[in-house]
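Residue numbers (this note's numbering): 2 to 103. Glycine is no exception: its CB is placed at the ideal position from the N, C-alpha and C atoms. Comments concern the structure below.
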């Protein structure tokens, strides 16, 4: 099972819509969620280099820096279908992992 983190840039508010989409994406792909990161992009790059994470999931392609590393997946690229409410997505994800914010 691949290890994923959700990255939501610190300037993105409100946080909940982005998290809901990303939680749904990680559940759909059966990733083991290691946590939620709101730190600068360079922190994620180091996590990938160190082998701590296989996949970074973001809510919107616009959140990506232009010079990003490979293997970033955008939750908004999923086929159109209704997303579960934030509470439902958290309940599903909570049963599989215990995310934390860095």
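Inset, instruction - Measure the alpha-carbon distance for residue 42 versus residue 66 and round it to whole angstroms. - result: 8 angstroms
Inset, instruction - Tell me whether the beta-carbon of residue 39 lies closer than 8 angstroms to the beta-carbon of residue 9. - result: yes
Inset, instruction - Just the C-alpha distance for residue 19 and residue 61, rounded to the nearest angstrom, thanks. - result: 8 angstroms
Inset, instruction - Indicate the three-state DSSP secondary structure (helix, strand or coil) for residue 33 in the structure shown. - result: strand
Legend entry - Other residues of its chain near residue 23: CB distance less than 6 angstroms, five sequence neighbours each side excluded: 7, 58, 60, 76
Inset, instruction - Count the other CB atoms, across all protein chains shown, that sit within 10 Å of the CB of residue 50; report buried if there are 16 or more and exposed otherwise. - result: exposed
Legend entry - Secondary structure of residue 50, DSSP reduced to three states: helix
Inset, instruction - Evaluate residue 27 with the Cβ neighbour count: other Cβ atoms within 10 Å of its Cβ, from every protein chain shown; 16 or more gives buried, anything less gives exposed. - result: buried
Inset, instruction - Measure the alpha-carbon distance for residue 54 versus residue 30 and round it to whole angstroms. - result: 15 angstroms
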